[in-house]
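**Q** Next up is a structure, given as structure tokens.
There are 2 protein chains.
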Amino acid sequence: MNIETAAQQLDALGNPTRLRIYRLLVRAGRAGLPVASVQGRIGMPASTLSHHLKKLMQVGLVRQERDGNTLWCQAVYPAMTRLIGFLVDECCADECGDGDLAASAGPERAE
Amino acid sequence: MNIETAAQQLDALGNPTRLRIYRLLVRAGRAGLPVASVQGRIGMPASTLSHHLKKLMQVGLVRQERDGNTLWCQAVYPAMTRLIGFLVDECCADECGDGDLAASAGPERAE
DNA sequence: CATCTATTTCCATGAATATCGAAACAGCAG
DNA sequence: CTGCTGTTTCGATATTCATGGAAATAGATG
Numbered sequence: 045m046n047i048e049t050a051a052q053q054l055d056a057l058g059n060p061t062r063l064r065i066y067r068l069l070v071r072a073g074r075a076g077l078p079v080a081s082v083q084g085r086i087g088m089p090a091s092t093l094s095h096h097l098k099k100l101m102q103v104g105l106v107r108q109e110r111d112g113n114t115l116w117c118q119a120v121y122p123a124m125t126r127l128i129g130f131l132v133d134e135c136c137a138d139e140c141g142d143g144d145l146a147a148s149a150g151p152e153r154a155e
Numbered sequence: 045m046n047i048e049t050a051a052q053q054l055d056a057l058g059n060p061t062r063l064r065i066y067r068l069l070v071r072a073g074r075a076g077l078p079v080a081s082v083q084g085r086i087g088m089p090a091s092t093l094s095h096h097l098k099k100l101m102q103v104g105l106v107r108q109e110r111d112g113n114t115l116w117c118q119a120v121y122p123a124m125t126r127l128i129g130f131l132v133d134e135c136c137a138d139e140c141g142d143g144d145l146a147a148s149a150g151p152e153r154a155e
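Laid out in structure tokens, this is it:
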């Protein structure tokens, strides 16, 4: 995880709509949700949703898997784990001792 | 921590330049760094840097403290702790079991 | 192949963003 | 008050982004 990748993923999550989409997918569990289902819950045109999903996929936070005629969108959990690891490692610098974050959440000594 | 605030902070960190600035400040410790010092290390015009610092301050990730003629920029550590807590709580949904993140890093039951 | 559903791409538009030089400003020092 | 240093605002520009309707596409099914 380098700083460029981290910035791209943070940017992808930095849009309220996309953050909602991503949270929805995470909460949906490993099976994820069909695009149409996400569309129904978030409430937006398919084209707009598609753009957001594309961005989330480009940065590796989401992937799609086809089952018959339906495309399932799934959160890529390890990606979030790595991103949080980056934030803890690179942006806490042993000063975030508040919740013992640095000690537990950083399996990857980044860059 | 609501989803709007989280999105704003993620957006602020989602710019490579700002992420570098923020990381620099975090690593500088609690004293932080003078604006000019950040400018020297990042290498950009003062006006551009000022805009980025402003954004980081608006979302509460950075604050400034004056000492004589020098403005010290400091990372607000609790803000990052809360943001990571949000990501773990809201966007890991007990599925990020990989690194035991959910169990340790979320001191605040969000919102 | 024809057709249906689900999803993406194309295209256009308005808004937001990143950038930076020049000028203004804030606060100390004399 | 004057000058000096450090920092922010102003103004302008090029770029990127978010949005969504219409058309095209992908894949399953008959």
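Chains A and B, in that order, are what the protein sequence lines are. In terms of our numbering, the first sequence opens at residue 45 and continues consecutively. In terms of our numbering, the second sequence opens at residue 45 and continues consecutively. Ideal Cβ placement from N, Cα and C applies to all residues, glycine included.
Quick check on the DSSP output: the alpha helix (DSSP H) that includes A/V79 runs from which residue to which?
**A** What you label residue 79 of chain A is simply residue 35 of the first sequence in a count that begins at 1. Residues 79 to 86.
**Q** Going by DSSP, what residues sit across from A/R107 in a beta bridge?
**A** Within the first sequence, residue 107 of chain A is the residue found at index 63, counting from 1. DSSP lists A/Q118 as partners of A/R107.
**Q** Is A/L93 close to chain B, meaning its C-beta is less than 8 Å from at least one C-beta of that chain?
**A** As a working note, residue 93 of chain A is residue 49 in the first sequence. For A/L93, the answer is no, since every Cβ of chain B falls outside 8 Å of its Cβ.
**Q** For a contact meaning CB atoms closer than 7 Å, what does B/C136 contact in chain A?
**A** Working through the second sequence from its first residue, we reach residue 136 of chain B at position 92. Those are V70, M124, listed as they occur along chain A.
**Q** What is the DSSP secondary structure of B/P60, reduced to helix, strand or coil?
**A** Numbered from 1 along the second sequence, position 16 holds the residue referred to as residue 60 of chain B. If DSSP states are grouped into helix, strand and coil, B/P60 belongs with the helices.
**Q** For the candidate residues A/A56, A/V82, A/M45, whose alpha-carbon lies nearest to that of A/M101?
**A** Residue 101 of chain A sits at position 57 when you count from the first residue of the first sequence. The residue with the shortest Cα to Cα distance from A/M101 is A/A56.
**Q** Hey, does B/E48 have any beta-carbon neighbour from chain A nearer than 8 Å?
**A** The count along the second sequence starts at 1 and reaches residue 48 of chain B at position 4. By this cut-off, B/E48 is an interface position.
**Q** Under the assumption that B/I47 contacts A/I128 (Cβ atoms under 8 Å), give the Cβ distance between them as a whole number of angstroms.
**A** Counted from its first residue, the second sequence places residue 47 of chain B at position 3. Counted from its first residue, the first sequence places residue 128 of chain A at position 84. With a Cβ gap of about 17 Å, B/I47 and A/I128 do not count as contacting.
**Q** Count the other C-beta atoms from every protein chain shown that fall within 10 angstroms of the C-beta of A/Q108, then say buried if there are 16 or more, exposed otherwise.
**A** Taking the first sequence and counting its residues from 1, the one referred to as residue 108 of chain A is at position 64. Answer is exposed; the Cβ neighbour count stays below 16.
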